[in-house]
Every structure is written in C-alpha cells, then in structure tokens.
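**Q**
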Amino acid sequence: MADPTRIARADSATDPPSVREWLKPLESAGQRRSTSAKRVGGKAASLGRLLRDGFPVPRGWVLDARCFTELVDRQLPRGHDLVTLIRLSGTKVGVDRAARARDRILSEPLPETLSAALGALWQAIAPEAPWGLAVRSSATCEDSDETSMAGLATSVLGVRGDAELDAAIRQVWASAFLPRALAYLAHAGVRDAAMAVVLQVMVRAEAAGVLFTAPPPGLEGEHWRAGERLVNATLGLGAPVVDGAVAADTLRVARDGGRVVASAVAQKRRALVVGATGLEEVPVPAARAEQPALGEAALRQLVELAERLEQGGKGPFDVEFAVEGEDPGRPPADGSPLPAEGSSSPEAPSAEGSSSPEAPSPEAGRVWLLQVRPVSGGGFPEGGGADTIWSRANVGEALPGAATPLTWSVARAFSDRGFREAFAALGCRVPRGARLVANVYGRFYLNLTAFMQIAAQVPGLSPRALLGMSGGASEQLIARLAQQSAGVSRRRFYARLPLTGPRLLLRHARLEREVSAYEGEALWAQRALSELDMTLLPDDAIGTTLRSVFLLLERTGTLMLHCASASLASHLALCRALERVAGRRASARSASGEAPFDDPAGRAETNVEHLAQVLAGGVRELDSAGPGIELARVAELVVLDRASRERLLAGEVRGPRDLPEGPARDALARFLDAHGDRAVREAELATPRWREDPAPVIAMLTASLRGAPGDPERALARARALADREMAMLETRISRVELALLRALVGRAQRYVRLRERMRTWVTRVLGMLRKVALDIDRRLRRIEPSLLPGSVFFCTYEELVTALSSGRADVGHVVRLRRAEHLRDAARPDPPATFIGRPPPVVLPPASGVRLLGLPASPGVVEGRARVLEPGAPALDAVEPGEVLVARTTDVGLSPLFLVAAAVVTELGGPMSHASIVAREYGIPAVVNVPGVTLVIKTGDRLRVDGDRGVVERLDERAAPPSTNGAAGGALGDGAPLLVARPG
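In the numbering used here, each number is its position in the sequence shown, counted from 1, plus 2.
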C-alpha cells in the first residue's frame, strides 16, 4: 500500500489545476510573501518550516486566509464581521451577532469552484488516505509566542469526500465566532484576524499524543522539573489526549540522555480510530490496554525530534504527534514496554548514535509531527492578571467539570453577591469592581488573590488558616498569597469593630432562628410552585416565576454563606483554643499505643486542625448525611424482601414501581420523595434530579446489597465514639475551666456545621425549583423553534431568558447553537489545574510518582482495600463493591450513599471542611482529600492503604482483580471487613 503520509515536494506538481488554484502545498507555506503567515496562518507557516527543515510532517495543503475574508465576510450582514465582533466581545450585542454569523457560515455553501477543487483533491488523494484528511484551523494570529488558538478553534478528523470537506471547512471557519475565541482575541489585543485552513493526510495511528519539551514558566515543581520533558500518549488517534477526554499514559523524560524519570500507564480500554463511516471508538484487548502506548523506539524518536526542535535555544514547544501503524490494539511494534512508574529506563542513545528519525526501522513505527507550537496559556481569566492566583479546589466539589451557561450565570450572580454580603458583615471593605469568581473554560474558579486580600482585613483569617481547610494550595502558594496580602490595612476593620462586632455576634446568636424562619417561607414557595400548572401561564408570567425563584436562590445562597462564615469562625476559635493546650494533651491514639497523629509535611498546625475536626464529629441530624443513612435503611428492607433483592441484583429495576408491593417499595418511594432534588453533580441545572431519573439511586442501592447487612446507626456511632475518646484524653490534661470552654466551642462548631449543611440542602432544593421552571421555558423555546434540541434552555443565560420572556421575543435559537458548540468544546477540554497563577496552563500536570501519595486528612482511620476509581461523567455506581476504596476527582453529596458501602474515600479536590469530608467523618470512614492526580496514578483493583489521620495514600502492591460479588467484604455498614481496618471505635 502506498505510504499515506509521504513527504514528496514533487507531489504538488501532480495536483490537478483546479486544486492549485485554491490550495497551496503545505511545504510552500511561509516560504514567500504570497504564502506568508498573514496569508496562510501561523499553524500552516510552522508546518511548512518543519517540512523544509526535514522533519516528518504528513503531506498537506492550505486554503488561503483571504478566502475566509472574502467569502465569509461577504456572506455576513454589516457589523457581523470578525473585526467588529472582536471589538464587541463580551457584550449582549456581540453574542447575538456572533451567533447569527456562525449560523450563516454553517448554512451557506462554498463557491462552486472551491467545492470542485476539493472534489478533485479528494479524487486524487483518496487511494493514499485510507483514514481521510484532517481539516485544521490556521488563524493569522495563531501559534505565535504571544497568541495561541489551541483549544479554541476547531479541527475535524477523518474527513472523506468533497461534501465532508466542504462542511469541515465551514466548521473551522465558524469556530472563530465562538465567544471564548473572540474574548481571547480581544484580551490579547488582536484587532484583526482571519482563518486559513490546513488539510492534511491522516496518519494511520497506532498511538498518538502530546509532547511538551519543557515546563511552561511557573509550572516547574515536584511533579515536573525544569530538566524534564512530558509525554502524554494513548492508543489510536491523539485527539482524546489533546482534548483531555481520556486518561493517557504520562511519562517524564530527562532532557539529558532521554532517561524515563517516571511513568504512569493508564488503562486504555478503547481507542479512537477512523472507521468506514468516520471516527469511531474500538475496544482494546485487555492485555494491550495495560501496556504503554509507546514503545522504546518511538519514545527515542520523540526525544531526538524534541532535541532538534529546540536547537538554537528555541522552545518550549507543545508537539502533537502520531506513531504510524496498523492496529492500535497490538503491542508496541518494538516489543519494548516502558518501565513502570517511578522506575528508570536505560538511557536512550544519542541522536548521533541512533537511526535518523527520517528513516526508522519498519518494525518500530514512524513518529510524525502533526503540529508544533510554542507553549503558551490562554488569556487571563476575567478580573485577573499575571500574578493572580486562581483555585477551584473547594468550589470544584460543588460544581465539577464545565458548567452550562445557565448554571454559570446563576452561580456567578448568587455567589458573588453572597461573598460580598458575608465580607461586609465582617466589616471588610470589598473593592468596587473586584472579581471574586471567574469562568475558566466553563469551570468555576475563585480569585484567591482578591479573596485573601479582602479576608486579610480580619485578624486570624490568614491564607494558611483558610486554605488549610479548603485545600488546593502548596506551601509555596500559601507563602505567595501571604506576601500578596501582607500590606493590607486593618484600620477600617478595627474602626468599625465596635459596630460590626456586636452586630455579627447577635446575628450568629440568632442564626438558628433565622434559618428556621427562612425554611418556613421556602417550604411555602416550594409547595406553591409544585401546585402551579405552568403550562397555563403566558410567557411574561413564567418570566416573573423565574425571577422569583432566582431571588429565593440568592437569599438561600447568602444565608448559606452566613452559616458557612459562622462555621468557619467557630472552627478557627476551636483550633486556637486547642493550640493553647496542645502541649498538654495526648491523643487517644497515642494513649492506646497506636501511631500518633503526625503530618507528613511536617506542619504542626495540621494536628490541631485534625483534632478539631475529630472533636466536632458525630453531629446528629446532619442533612448531608441523611441520603446515605436513609438509603441504607431502604437496603435493610430490601434484604428482607427476597423478590425485591433479586430484581435489583438482576438489573430489572428502574424505579419504585418495578419492585413488588411492600415495605421496600414504599421506603424507596419515600426516599425519592424526600431527596428527589438531589443528584450526582447536583449544582448543575442541566443534571436530571433523582426524582426525574432514579437510576443513580438504584445503582447505589444495588451496590449496597452485595455486602453483609449492617446497622447505619453503628456508622454514626463511630465518629461520636472517637470524639468522646479524644475529649476524655483532654480531660486528664487540662483544667476544668479550659475543659468547659472546649466543650462550649465544640458544641458551637457542631451547631453551625449543622446549620451550614441544612442551608446547603436548601440550595439544592431551590436549584431543583429553578430547574423545574427552566424545563417549562425549554418546552416553550422548542415550540417556537422545533429544530432546537431538548435542554436548549440551559445554553441561555438567566438574563437572556428574563429578557426574552418579558419582551415576548424568544428568538434565541442562534444563541443556543453557539453556546452549545462552545460548551461541548469546554466539556471536552482537560480540567485546568485545581490551582494556577495568571493564565490557565495548556498542559495537565503529571501525577505524583512513587507509592506514597500525600493529601489532606479529612476523616480519621486507617484501612486497606482495593481501589475503585470513579470515572468522571457517568461512573458505574453499581459496580462499586463493599469494602473498596472510592477514588474520584471529587465527590459531592449525591455520591455520599456510596460512602457507607466503601471502606474509605480518596479525592483529588476538596478540603477537610468540604461537604464530602464532613459526611465521611459523620459516617466514620477514613478519607483523604486534595491528592493531586490520584485518579491518574491509581487504577481500579490497586491495593491501597488509606491513612485518614495523616493524609497519606499508599499503594501496597501490583493491581489485582476487584473483589468478587460474593459479599465477602463490607463497607462502613457491613460486618465483613476489608483487608485491614484500623478505625475509631
């Protein structure tokens, strides 16, 4: 078969005349004035230089950017051109015009002569392109040192035939009009831009991925040192790696010698390939899925290519590559698996002593460069600059992943207002125009720099005190935040303290009554909405209903933040009191001969914070713990009903009606009635609630049936027992006055945690009310424009919906299509780091190497068990076995019923005071949070030791098969134990 990716400059002479009229060969890109970067875009010019320098780049062509300017702009109404839209970025008018421009571009055909040229090109190249062509953007401002459209513009893979090429080019052009792309260009100071298009023969990829030749500025650290390169690779095409859609193999390679410093091999169960009908995922044989995607020879080629690219002091570079082969499911062609994580490989031979990358051995598989660009992040998030520190370590628990536009607009409004009111109540001055939250590729981020500079006005609210509870910041970042807030004046705080102090104390004293009064009004509003037939209301009345529910949400969120503020203050007060007696106490663990509490990072304050958490544990009537406890009671009834149990284990139950009549069915129906507004990822308005889709509840109930039955009250008693043991030890070391003070502070901390979690539940209920109204609006939108897909309402902002309903002009279809396209792009991107400085980096940091992973202690106890990694998006909840260790990016309250099945919980995000941590302590199961990259390092079946006292997760041996479903192991409820348990009580 002919080489589909040959580099032959003479090939351009064989292109049909009609092709040469529109498309220039890629090797000529950037070579002369007629093919300069202003004409062919930065990506095409870069690839042209690589070709001329002898690098292995697939054959390709470029469509001049003037085609975009002349053909696209000619089709658009005045004021809808790219130059104008960049200037209008971020405005309502700009969004509306961009949406209409995008619709026009996607619907208008290309000129007949261009379509004919594309047809002729495909006719000529089809025999040599079994996987079709890749159609990529090449903006005139792209891939320079200052600007990069990476992740903003579109690439279309596996394109075959003139009709598909026509559609793909229009998709690439239309991607320039997405709001985030326009905002980035405006922020970068770009005043004019055009979009050339690159067409490349697809490499028949056995493996592919991304190589970063060096860490970008500011990312050097323990996980990626300055003298290392980073490789992410998977089987088949590399698009899932570039987009962050899969967990890829990660390799850290030394710049000197090419030695593998550390590697983490992912389970690659499926590979993306080009099939007969286009892109498709194919299963990977189990044996191959466990092996590295790259063999040693392919890695050696990558190392040599990186060295050549950086000759002359250039770089660092972001390099997309593919390894040519026949079958993504076969073992590496050179038969040389890479060393396991943490081990080293033999040094790769030098470039002089190895075969040239232009002529690798046929068995090894050739490495091809698909694009090379300088490593640069996107623009600064709104309200930030080069030194601004952003974090989602704690807020990411409530809203992980990319939020829909409606969810973001609602969350931004009520959180911003809530933060400002909470700070004002403390007597803090909030600067006018300060941005406390920002949208980073659809993710919710907190501006830590601004937040800490405001909080620093209050004595005791230091970065270390706050971030020790919320997580997500290293010692270096905490020190940097302390430096940024060092000069903050407290004069205003002290001047207003005689007024704000008594007022705040009075409000805290009345907080329980305020919550009770709120609940009465909120229950009335909830009941009124449930009795309202919204189908009978006119549009303006629905708009009024939407506004009233939104105002209720704002009030709910503000009250929740006041409760959270009181909870934080009580926790800090308890910590300060414990610090005074720390030298005179012996923990219950030390007294019993067990290992004392110690912090692997060597910070003494962690001990005090951990003790405060333990003492405040065992909170009765905690709302967040309610779903797990009540579902466990449903499971007890199911166990007594043989028919119900058999149906659940057989997968025949979709809801209560599928169970036989009896106590189990009634209990499940009551559970859904009481907790029907809950969901996994419940802060996202587009997420169906348990009342609408009980499948997650059924899955968690099924998982709980596989273990031995247990008493949920036993789980609750563990936390209380440990708290009592710790208090008993303190009694022997401190005076009666100090003991009375501690007991009062513990009671106060428990009371405010209870109130905080009650209000958190009410936020969820009001979000459920808002979703109910939104679904009725969605029905109206689709009645006006039947082409809209279900759920279109979630791709409008709250302000747009209010305006459309009050004006009677619900013409939002073009905006919905625009926002849906951008949301799909955001959702496919890898999550930016939980915490970063300045710009979101364009790379996912490698996980920690070694067998010992460090996080923050969230719930005490030591346990061993097999790992169950919950994949983001759609985790298989019913696959969880009793006694396993749950490992997840984050766990919200919607997943808390699984805590009673599991032996322990480990998460990448969150802090000791997050909702999931509080629930874990209430259930008495060990938990470690804020473990960077744990879902990449740990795989289902790995044997772990989780130490919730010290915040340590250890891998004990090689991965094994998950436990069988014979009920031999038990979780927090069961009598059967996991491999080893050292728990409180």
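All C-beta atoms in this analysis are idealised placements derived from N, C-alpha and C, irrespective of residue type, glycine included.
1) Once you ignore the five residues that flank Ser572 on each side, which residues in its own chain have a CB closer than 6 Å to its CB?
2) Can you tell me whether Glu230 is buried or exposed? The criterion is at least 16 other CB atoms within 10 Å of its CB, across all chains shown.
3) In or out: Tyr496 buried (at least 16 other Cβ within 10 Å) or exposed?
4) What number of angstroms, rounded off, separates the C-alpha of Val369 from the C-alpha of Glu309?
5) Mind checking which residues open and close the beta strand (DSSP E) that includes Ser157?
6) Note the first and the last residue of the continuous alpha helix (DSSP H) segment covering Thr995.
7) Do Lys45 and Val203 have their C-beta atoms closer together than 8 Å?
8) Where do the ends of the alpha helix (DSSP H) carrying Pro461 lie?
9) Consult DSSP for Glu802 and reduce its assignment to one of helix, strand or coil.
10) Take Trp63 as the anchor and find which of Leu87, Val21 and Leu642 has the nearest alpha-carbon.
11) For Trp764, does the count of other Cβ atoms within 10 angstroms reach 16, so buried, or fall short, so exposed?
12) So, does the CB of Glu399 fall closer than 8 Å to a CB anywhere in chain D?
13) Judging by CA-CA distance, which residue of Gln486, Leu180, Gly559 and Leu703 is the nearest neighbour of Leu84?
14) Could you pull the DSSP bridge partners for Ala235 from this structure?
15) Note down the Cα distance separating Asn609 from Arg952, rounded to an integer number of angstroms.
16) Skipping 5 residues on each side, what residues in its chain have a beta carbon closer than 6 Å to that of Arg773?
17) Please report the residue range of the beta strand (DSSP E) in which Ala869 lies.
18) Taking the DSSP output, what are the residues bridged to Glu924?
19) Distance check for Phe901 and Val636, CA to CA, integer angstroms please.
20) If I'm right that Ala39 touches Thr142 with Cβ under 8 Å, what's the distance once you round it to whole angstroms?
21) With distance defined between alpha-carbon atoms, name the residue in His677, Arg51 and Gln293 nearest to Leu371.
22) Out of Thr805, Arg735 and Ser139, which one is the CA nearest neighbour of Val583?
23) Report the rounded CA-to-CA distance for Val267 versus Val948, giving the unit in angstroms.
24) Restricting to Cα atoms, I'd like to know which of Pro899, Ala136, Tyr800 and Asp643 is closest to Ile544.
25) CA-CA distance, Leu732 and Gly92?
26) Checking the sheet assignment: what are the DSSP bridge partners for Ile839?
27) Is Val2 buried or exposed, if buried means 16 or more other CB atoms sit within 10 Å of its CB?
28) Closer than 8 Å by C-beta to Pro19: which residues in its own chain qualify, once you throw out the five before and the five after it? Chain order, please.
29) What's the C-alpha gap between Thr937 and Thr909?
30) List the residues that DSSP assigns as beta-bridge partners of Pro376.
31) According to DSSP, is Ala31 helix, strand or coil?
32) For Leu534, does the three-state DSSP call read helix, strand or coil?
33) Please report the distance separating the alpha-carbon of Pro132 from that of Leu858.
34) With contact counted as at least three CB pairs below 8 Å, one residue from each stretch, are the segment 118 to 125 and the segment 180 to 192 in contact?
35) Let's see if you can read the secondary structure: which residues bound the beta strand (DSSP E) around Ala141?
36) Verify whether the separation of the beta carbon atoms of His917 and Ser569 is less than 8 Å.
**A** With the structure as the only source:
1) Locating residue 572 in the sequence shown gives position 570, counting from the first residue. Shown here for Ser572: same chain residues with a beta carbon closer than 6 Å to its own, the five before and five after excluded, namely Arg750, Ala751 and Tyr754 in chain order.
2) As a working note, residue 230 is residue 228 in the sequence shown. Counting Cβ neighbours within 10 Å, Glu230 comes out buried, since at least 16 surround it.
3) As a position in the sequence shown, residue 496 is number 494, starting the count at 1. Burial call: exposed.
4) Start at 1 with the first residue of the sequence shown, and residue 369 comes out as number 367. Start at 1 with the first residue of the sequence shown, and residue 309 comes out as number 307. Approximately 14 Å, taken between the alpha carbons.
5) Locating residue 157 in the sequence shown gives position 155, counting from the first residue. Element bounds for Ser157: Ser157 to Val161.
6) The shown model of the chain, from 3 to 987, leaves out residue 995, and the question about it has no answer.
7) Sequence index remark: in the sequence shown, residue 45 carries index 43 (1-based). Sequence index remark: in the sequence shown, residue 203 carries index 201 (1-based). No.
8) Residue mapping note: residue 461 aligns to position 459 of the sequence shown, counting from 1. Counted as a single uninterrupted DSSP element, the stretch harbouring Pro461 is not any alpha helix (DSSP H), since DSSP gives it neither H nor E.
9) In the sequence shown, the residue the question calls residue 802 occupies position 800. Glu802 falls in the helix class under three-state DSSP.
10) Locating residue 63 in the sequence shown gives position 61, counting from the first residue. Ranking the options by Cα distance to Trp63, first place goes to Val21.
11) In the sequence shown, residue 764 corresponds to position 762, counting from 1. Trp764 counts as buried, since no fewer than 16 other beta carbons sit within 10 angstroms of its beta carbon.
12) You won't find chain D in this structure, because it holds only one protein chain.
13) If you number the sequence shown from 1, residue 84 lands on position 82. Closest option to Leu84, Cα to Cα, is Leu180.
14) Position 233 of the sequence shown holds residue 235. In the DSSP assignment, the residues bridged to Ala235 are Gly211 and Asp251.
15) Taking the first residue of the sequence shown as 1, we reach residue 609 at position 607. Taking the first residue of the sequence shown as 1, we reach residue 952 at position 950. Their Cα atoms are separated by approximately 9 Å.
16) Working through the sequence shown from its first residue, we reach residue 773 at position 771. For Arg773, where only same-chain residues beyond five positions count, the Cβ hits under 6 Å are Leu687.
17) The residue you call residue 869 lines up with position 867 of the sequence shown. In the DSSP annotation of this structure, the continuous segment of the beta strand (DSSP E) that includes Ala869 starts and ends at Val864 to Val871.
18) Walking along the sequence shown from the start, residue 924 turns up at place 922. DSSP, once it has assigned bridges, lists no residue as partnering Glu924.
19) As a working mapping, residue 636 is identified with position 634 in the sequence shown. As a working mapping, residue 901 is identified with position 899 in the sequence shown. Roughly 15 Å between the two C-alpha positions.
20) Here residue 39 corresponds to residue number 37 of the sequence shown, with the count starting at 1. Here residue 142 corresponds to residue number 140 of the sequence shown, with the count starting at 1. So it is a contact: roughly 7 Å between Cβ atoms.
21) Position 369 of the sequence shown, counting from 1, holds the residue named residue 371. Ranked by how close their Cα comes to the Cα of Leu371, the residues His677, Arg51 and Gln293 have Arg51 in first place.
22) Here residue 583 refers to the residue found at position 581 when the sequence shown is read from its first residue. Nearest neighbour of Val583 by Cα position, chosen from Thr805, Arg735 and Ser139, turns out to be Arg735.
23) On the sequence shown, position 265 is the one that residue 267 refers to. On the sequence shown, position 946 is the one that residue 948 refers to. For Val267 and Val948, the distance between alpha carbons rounds to 22 Å.
24) As a first step, residue 544 must be located in the sequence shown, where it is residue number 542. Measuring from the Cα of Ile544, the nearest candidate turns out to be Tyr800.
25) In the sequence shown, residue 732 corresponds to position 730, counting from 1. In the sequence shown, residue 92 corresponds to position 90, counting from 1. Spanning the two alpha carbons is a distance of roughly 57 Å.
26) Taking the first residue of the sequence shown as position 1, residue 839 is located at position 837. In the DSSP output, where bridge partners are listed per residue, Ile839 has Ile391.
27) Nothing in the structure corresponds to residue 2, since the chain is present only between 3 and 987.
28) As a working mapping, residue 19 is identified with position 17 in the sequence shown. So the list is empty, once near-sequence residues are dropped.
29) To locate residue 937, count along the sequence shown from 1; it is residue 935. To locate residue 909, count along the sequence shown from 1; it is residue 907. So the alpha carbons of these two residues sit roughly 8 Å apart.
30) What you label residue 376 is simply residue 374 of the sequence shown in a count that begins at 1. Answer is Phe319, bridged to Pro376.
31) Translated into positions along the sequence shown, residue 31 becomes position 29. If DSSP states are grouped into helix, strand and coil, Ala31 belongs with coil.
32) Within the sequence shown, the letter at position 532 stands for residue 534. DSSP places Leu534 in coil when its eight states are reduced to three.
33) The residue you call residue 132 lines up with position 130 of the sequence shown. The residue you call residue 858 lines up with position 856 of the sequence shown. Looking at the two C-alpha atoms, the distance is approximately 51 Å.
34) No, the segment 118 to 125 is not in contact with the segment 180 to 192.
35) On the sequence shown, position 139 is the one that residue 141 refers to. Annotation for Ala141: the continuous beta strand (DSSP E) segment containing it runs Leu135 to Ala141.
36) Numbered from 1 along the sequence shown, position 915 holds the residue referred to as residue 917. Numbered from 1 along the sequence shown, position 567 holds the residue referred to as residue 569. Taking 8 Å as the cut-off, the Cβ atoms of His917 and Ser569 do not count as close.
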